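Enquirer:
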Amino acid sequence: MTLYIIANPHSGNRSAKDIIATLKTHSEQNVITFFTRYRNDEENQVKQVLKSFQYSQDKLLILGGDGTLSKVLYYWPAEIPFAYYPIGSGNDFARALGLRKNPIQLMKSLEKSPKEITVFTYQKGLVLNSLDLGFASWVINHVEHSKLKAKLNKFHLGNLIYVLTAIQCLIKKPAFASLVLENEVGESIELKDLFFFH
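Counting from 37, one number per residue, gives the positions in the sequence shown under our numbering.
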């Protein structure tokens, strides 16, 4: 068995390499790591893993935050199980499932039967645990493109960027969104000028 790891080296105050080293010392199997190299590189890393992945015996571990997890799973075949080790700033998905940050426990859990989860997919991605529009979406989008976050992460203050960006949004101009929902028979409803939608 080979344990493939797709890791975001920037998540968790750049702690991915240390966690991978710990996992390797507690692993009896071969460990092959693929690091995302730039924003939205997850598709390339999934393709690399799938070139040699043996469905019947190999395992995939995703190491990163909610964004890394969602992006990897968008390209990962739905019928193949995966494991997740949260090292992001929010880790909403891990918190919702009660996942703990324990590398040794993670290695043991790889031998257990997988549990099924439900996700929502759309043309540009995958939603695991929440969908934000309006204000929250504006904040998350701006944080994702912020150079200040990396600087704050160096001082273990990465979460502060969300507060600063939220204040900036409220001072500048609040973000509003509209949403159209359509059912199977084509009936639709439009929600206009949403400020908070979570």
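In this text, a Cβ means the ideal position worked out from N, Cα and C, and glycines have one as well. All of these numbers come straight from a predicted model, not from anything done at the bench.
Can you tell me which of the three DSSP states Val67 falls into?
Expert: Strand at Val67.
Enquirer: Quick one, which of Ser47, Ser88, Lys190 has its alpha-carbon nearest Tyr40's?
Expert: Closest by alpha carbon: Ser88.
Enquirer: Roughly how many angstroms lie between the CA atoms of Lys144 and Glu64, to the nearest whole one?
Expert: Whole-angstrom Cα-Cα distance: 11 Å.
Enquirer: When you compare only the Cα positions, how much space is there between Thr72 and Gln84?
Expert: Taking the straight line joining both Cα atoms gives about 11 Å.
Enquirer: How many angstroms separate the CA atom of Asn177 from the CA atom of Cys205?
Expert: Straight-line Cα distance between these residues: approximately 11 Å.
Enquirer: On the DSSP bridge assignment, give the partners of Ile98 in chain order.
Expert: In the DSSP output, where bridge partners are listed per residue, Ile98 has Ile42, Tyr120.
Enquirer: Roughly how many angstroms lie between the CA atoms of Lys185 and Tyr158, to the nearest whole one?
Expert: Their backbone Cα atoms lie some 28 Å apart in a straight line.
Enquirer: First and last residue of the beta strand (DSSP E) that includes Thr157?
Expert: Segment 156-158, the beta strand (DSSP E) holding Thr157.
Enquirer: Measure how close the beta-carbons of Lys137 and Pro122 come, nearest whole angstrom, since I'm counting them as under 8 Å.
Expert: At roughly 7 Å, the Cβ-Cβ gap stays under 8 Å, so Lys137 and Pro122 are in contact.
Enquirer: Can you tell me whether Asp102 is buried or exposed? The criterion is at least 16 other CB atoms within 10 Å of its CB, across all chains shown.
Expert: Its Cβ being crowded by 16 or more others within 10 Å, Asp102 is buried.
Enquirer: Helix, strand or coil for Leu109 per DSSP?
Expert: The answer is helix: DSSP assigns Leu109 an H, G or I state.
Enquirer: In the DSSP assignment, find the alpha helix (DSSP H) that holds Pro139 and state where it starts and stops.
Expert: Here the alpha helix (DSSP H) through Pro139 covers 139-145.
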